[in-house]
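Chemist: Numbering (my numbering), first residue to last: 7 to 292. Where is the CB? At the ideal position from N, CA and C, for every residue including glycine.
(1) Indicate whether the contact test is met: 3 or more Cβ pairs, each with one atom in the region 163 to 175 and one in the region 219 to 237, closer than 8 Å.
(2) Suppose contacts are defined by Cβ-Cβ distances below 7 Å. Is residue 227 in contact with residue 243 by that definition?
(3) Whose CA, out of 113, 117, 106, lies closest to the CA of residue 123?
(4) Quick one: grab the DSSP three-state call for residue 202.
(5) Can you list, in chain order, the residues of its chain whose CB lies under 7 Å from that of residue 231, leaving out five sequence neighbours each side?
(6) Alpha carbon to alpha carbon, how far is residue 278 from residue 89?
(7) Could you check which residue in 191, 221, 220 has the C-alpha nearest to that of residue 276?
(8) Identify whether residue 81 lies in helix, strand or coil by the three-state DSSP scheme.
(9) On the three-state DSSP scale, how would you describe residue 282?
(10) When the Cα of residue 106 is compared with those of 214, 138, 147, which residue comes out closest?
(11) What is the C-beta distance between residue 115 and residue 83, in whole angstroms, given that I count them as a contact (C-beta under 8 Å)?
(12) Buried or exposed: where does residue 160 fall if 16 or more other Cβ atoms within 10 Å of its Cβ makes it buried?
(13) If I measure Cβ to Cβ from residue 206 and keep anything under 6 Å in the same chain, skipping five residues before and after, which residues do I get?
(14) Taking buried to mean at least 16 other C-beta atoms within 10 Å of its own C-beta, is residue 182 buried or exposed?
(15) Using the C-alpha atoms, what's the distance from residue 86 back to residue 148?
(16) Is it true that the CB of residue 213 sits closer than 7 Å to the CB of residue 202?
(17) Check each candidate in 199, 152, 194, 141 and name the one with the smallest Cα separation from residue 288.
(18) Applying the 10 Å Cβ sphere with the 16-neighbour rule, what's the burial state of residue 4?
(19) Return helix, strand or coil for residue 133, following the three-state DSSP convention.
(20) Around the C-beta of residue 96, are 16 or more other C-beta atoms found within 10 angstroms, so that it is buried, or is it exposed?
(21) In its own chain, which residues sit with a C-beta less than 7 Å from the C-beta of residue 117, not counting the 5 before and 5 after it?
(22) Based on Cα-Cα distance, which residue from 195, 127, 120, 131 lies nearest to residue 167?
(23) Suppose the cutoff is 8 Å on Cβ atoms and the five residues either side in sequence are ignored; what does the same chain contact list for residue 271 look like?
(24) Our contact map puts residue 267 next to residue 286 with C-beta atoms below 8 Å; I'd like the distance itself, whole angstroms only.
(25) First and last residue of the beta strand (DSSP E) that includes residue 245?
(26) Hey, could you find the ends of the beta strand (DSSP E) residue 212 is sitting in?
(27) What residues in its chain sit with their C-beta under 7 Å from that of residue 163, if we drop five residues either side in the sequence?
(28) CA-CA distance, residue 211 and residue 245?
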């Protein structure tokens, strides 16, 4: 009798479970509500992700715009950059000082000058402050006609002065562009008197007399960088005249011409001094 009662109760439980399932199947509204809520949650999540993506794209566009502006302003363009933190050399002392060695590598160009940099930065963090020092600097510059830069790069490596490298390279390029623009200007203004052996990128300009073909003046324009990284132009005057003319020059005008030219530069500046010299030496006095 007890066994029959247990079987009956088990059957009743199965029937009750089936009835509940049937009621659920007969109430699609509740299922729809649950599905709608789930869809709304997914839709809201997608919308938030889309807004976040739009915001990220906006920020990325803004950063690209700023980078483009800085590149135009400074002339620098960074093509590749990588950073590696040396975990093996990470050290935290008992006094709370933390030291981390980072290795950086980048390549780029400043207008026509291409460079590669490899440098190490040691970050020292204490409870009071955080500081960084460059422990090693290696500058690689592709073979170039700018001989002044080789010596400058070596000095920057010795001093481990990365800001000086970027600052001086920027002003070197600006000075180079100014020399190129100035030479081009005088070649166009005095085409019969001015000759540029290597085109506008030449470091020297020849002034030829239209009245005395064997008489020439050569302006040598170098760009120098001193020990502190200061960039400045250095112009010298060389003379090419027949020996007979030197013998007849009793007042030593030709011999003292280089010194007189430097004085003229100090008084008039580069462009005005060159213009005056060309006018005096050529037949064109207009």
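Modeler: The answer reads as follows:
(1) yes
(2) no
(3) 113
(4) coil
(5) 154, 158, 174, 178, 237
(6) 49 Å
(7) 191
(8) coil
(9) helix
(10) 138
(11) 6 Å
(12) exposed
(13) 186, 189, 190
(14) buried
(15) 16 Å
(16) no
(17) 199
(18) With the chain covering 7 to 292 only, the question about residue 4 has no answer from this structure.
(19) coil
(20) Residue confidence is low: residue 96 scores 49 on pLDDT, short of 50, so the model does not pin down where it sits. Its coordinate-derived value is still stated next. Residue 96 should be labelled exposed.
(21) 81, 179
(22) 127
(23) 241, 279
(24) The pair is not a contact, with the Cβ atoms about 11 Å apart (cut-off 8 Å).
(25) 237 to 246
(26) 210 to 214
(27) 143, 144, 145
(28) 12 Å
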